[in-house]
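Asker:
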Ligand SMILES: [Zn+2]
Ligand SMILES: [Zn+2]
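Numbering (my numbering), first residue to last: 324 to 604.
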């Protein structure tokens, strides 16, 4: 499915199977997530993507071909894909922050052709093998919606058992972050303004679900935490309004993690008590 012009529907096209270069792998796509970013890409609202483009950045599939020099996967392996095709050499790539690569080559589905296709190619080092018993359609969203949330919960907020974590916005990213929070042994408070999202958060294990339109959510978080506030607030909206809300819910030395496009919010907020840390996957 090819995005030939921004703002227009994807077009079904017959294209040759992509050629393999050194270190690359051909992946046969089994499933691919569809993400809010895809809507922005197709509308031409994101900087970077150029048309014509095959979108699709949340794929899972099987290895169908190996380029020269590939040793870490074998044909038939089930794989998910790390999204950032990086230089592997810069200061961020060498310090385990390759999502911040200074010389980013691109991302499948954004700057590179992606997985809304039967086949796509990606460097072998971007692949993670997964057990063949796991349904591929269930892991397709891992490369973005789950990995970004994992990064926010485990590496930025460093959530530990017994903590209380507020999830501001429980959409595609927040709902995964909430489950990872629970798996980390912490209490999860989901906050949103959409009742359906809060119901889903409860179904997936939220200890408390609060609607911003109903009562004082800051007071309710403080009530739940003996007046201290939350250990961490993960803000998946990252607007100036939610940043202000998040800061008021934090305990001293709490951590506010902004996930997403947060330039305006970062500029307008400020506090000496918290670490504000942005989390792109
Ligand atoms: Zn995505
Ligand atoms: Zn790099």
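No residue lacks a Cβ here, since even glycine has one placed at the ideal position from N, Cα and C.
Is the separation between the beta-carbon of residue 407 and that of residue 376 shorter than 9 angstroms?
Answerer: To locate residue 407, count along the chain shown from 1; it is residue 84. To locate residue 376, count along the chain shown from 1; it is residue 53. Result no, Cβ atoms of residue 407 and residue 376 do not sit closer than 9 angstroms.
Asker: Look at the alpha carbon of residue 338 and the alpha carbon of residue 358, and state the distance between them as a whole number of angstroms.
Answerer: Here the question's residue 338 lines up with position 15 in the chain shown. Here the question's residue 358 lines up with position 35 in the chain shown. The alpha-carbon atoms of residue 338 and residue 358 are separated by roughly 24 angstroms.
Asker: How would you write the range of the alpha helix (DSSP H) that residue 526 sits in, first residue to last?
Answerer: The residue given as residue 526 occupies position 203 in the chain shown. Where residue 526 is concerned, the enclosing alpha helix (DSSP H) stretches over 518 to 526.
Asker: Secondary structure at residue 401, three-state DSSP: helix, strand or coil?
Answerer: Within the chain shown, residue 401 is the residue found at index 78, counting from 1. Reduced to three states, the DSSP call for residue 401 is strand.
Asker: I'd like the span of the beta strand (DSSP E) that includes residue 512, first residue to last.
Answerer: As a first step, residue 512 must be located in the chain shown, where it is residue number 189. Residue 512 -> beta strand (DSSP E) spans 510 to 515.
Asker: Enumerate in chain order the residues of its own chain whose CB-to-CB distance from residue 528 is below 6 angstroms, with the five nearest sequence positions on each side excluded.
Answerer: Translated into the one-based positions of the chain shown, residue 528 becomes position 205. Once the five neighbours on either side are set aside, the close Cβ partners of residue 528 are 505.
Asker: Could you tell me the alpha carbon to alpha carbon distance between residue 347 and residue 447, rounded to whole angstroms?
Answerer: Translated into positions along the chain shown, residue 347 becomes position 24. Translated into positions along the chain shown, residue 447 becomes position 124. Using only the alpha carbons, I get a separation of about 5 angstroms.
Asker: Could you check if residue 384 is buried or exposed, using at least 16 other CB atoms within 10 Å of its CB as the buried criterion?
Answerer: Position 61 of the chain shown, counted from the first residue, corresponds to residue 384. With 16 or more other Cβ atoms within 10 Å, it is buried.
Asker: Look up residue 377 in the DSSP assignment and give the residues it is bridged to.
Answerer: Within the chain shown, numbered from 1, the residue matching residue 377 stands at position 54. Residue 377 is bridged to 325.
Asker: Between residue 492 and residue 515, which are expected to be in contact by the criterion C-beta below 8 angstroms, what is the C-beta distance as a whole number of angstroms?
Answerer: Position 169 of the chain shown holds residue 492. Position 192 of the chain shown holds residue 515. Right, the Cβ-Cβ distance comes to about 6 angstroms (below 8 angstroms), so this counts as a contact.
Asker: Let me check understanding here. Comparing Cα to Cα, which of 536, 512, 511 and 501 lies closest to residue 518?
Answerer: Looking up residue 518 in the chain shown gives position 195. The option with the nearest alpha carbon to residue 518 is 536.
Asker: If contacts are defined as beta-carbon pairs under 8 angstroms, then residue 580 and residue 555 qualify, I think. What distance do you get, rounded to the angstrom?
Answerer: Counting from 1 along the chain shown, the entry for residue 580 is found at position 257. Counting from 1 along the chain shown, the entry for residue 555 is found at position 232. Confirmed, about 7 angstroms.
Asker: Any idea if residue 495 is buried or exposed, counting beta-carbon neighbours within 10 angstroms, 16 or more meaning buried?
Answerer: For the purposes of this step, residue 495 is taken as the residue at position 172 of the chain shown. The residue is buried, with at least 16 neighbouring Cβ atoms inside 10 Å.
Asker: CB-CB under 7 angstroms to residue 530, same chain, minus the five flanking residues each way: which ones, in chain order?
Answerer: Sequence index remark: in the chain shown, residue 530 carries index 207 (1-based). So the list reads 510, 511 and 512, once near-sequence residues are dropped.
Asker: Name the DSSP bridge partner or partners of residue 566?
Answerer: Numbered from its first residue, the chain shown carries residue 566 at position 243. For residue 566, which the question treats as bridged, DSSP gives no partner whatsoever.
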